[in-house]
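Asks:
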Amino acid sequence: MTGSGPQYTELAELRRLVEERTADLQRVKAEYDNYRKRVRRDRLAVREIAVANVLRALLPVLDAVDRACAHEPLTPGLEDIAGSLEEQLGSLGVTSFGEVGDPFDPACHDAVAHHPSPGSDRLVCSAILRPGYRLGDHLLRPAHVEVAGPAPPAGGTHGGDRGVRPSPAGGARPFPVARS
Numbered sequence: 008m009t010g011s012g013p014q015y016t017e018l019a020e021l022r023r024l025v026e027e028r029t030a031d032l033q034r035v036k037a038e039y040d041n042y043r044k045r046v047r048r049d050r051l052a053v054r055e056i057a058v059a060n061v062l063r064a065l066l067p068v069l070d071a072v073d074r075a076c077a078h079e080p081l082t083p084g085l086e087d088i089a090g091s092l093e094e095q096l097g098s099l100g101v102t103s104f105g106e107v108g109d110p111f112d113p114a115c116h117d118a119v120a121h122h123p124s125p126g127s128d129r130l131v132c133s134a135i136l137r138p139g140y141r142l143g144d145h146l147l148r149p150a151h152v153e154v155a156g157p158a159p160p161a162g163g164t165h166g167g168d169r170g171v172r173p174s175p176a177g178g179a180r181p182f183p184v185a186r187s
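8 is the number of the first residue of the sequence shown in this note's numbering; add one for each residue after it.
So, in structure tokens, the structure goes:
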């Protein structure tokens, strides 16, 4: 019986060390799995930001093509360019928005002019000056619109104008609205 005592103690010590190393290994594995997930998530976020930045930079080109299509006779080349651009941006998930009659939403519309409309109970887009664009749920650019609706309350302060900014003087571009 004396021979089994130290052997039993040694075996118990070895089991304890194996369990301790196994727990350490499981902890390291869990940390590594979390690290891989975080890196994957960060890479996707960086990719989405990069794609959005490239698409945002292409919006003036899209605007120029739209203006050319609206004011020039459609030649086969211009029609092909416009169609290809629209198709490629659509395949990436870019959608345009902003239609006359849409309810005004300060989260996705920049109102550059307000026209009082007697009898109206809410603000609606009365003219689309520049369409807005989204990439999925992400706003690339707000639509610049003119709105019609109830007159702002007397006093003329901008605090109660329901998100509508007056038209800037001298044709200057309006201030961008901070978005989350």
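All C-beta atoms, glycine included, are put in the ideal place defined by N, C-alpha and C.
1) Confirm, please, whether the CB-CB distance from Ala75 to Leu62 is below 8 Å.
2) Tell me Ser98's beta-bridge partners as DSSP assigns them.
3) Per the contact definition of three or more C-beta pairs closer than 8 Å, is the stretch 116-133 in contact with the stretch 34-45?
4) Hey, which unbroken runs of the alpha helix (DSSP H) at 4 residues or more fall wholly within the stretch 37-110?
5) Rounded to the nearest angstrom, what separates Lys36 and Arg28 at their Cα positions?
6) Can you name the residues that DSSP bridges to Ala141?
7) Please state whether DSSP places Asp112 in a helix, a strand or coil.
8) For Ala150 versus Pro138, is the C-beta spacing smaller than 8 Å?
9) Based on the DSSP output, what are the partners of Gly156 in its beta bridges?
Replies: So, from the listed chains and residues:
1) no
2) Ser98 pairs with nothing; no bridge assigned.
3) no
4) 83-98
5) 12 Å
6) Per the sequence presented here, residue 141 reads as Arg, with Ala not at that position. Under DSSP, the beta-bridge partners assigned to Arg141 are Thr102 and Leu146.
7) coil
8) Using a Cβ distance threshold of 8 Å, Ala150 and Pro138 count as a contacting pair.
9) Pro123
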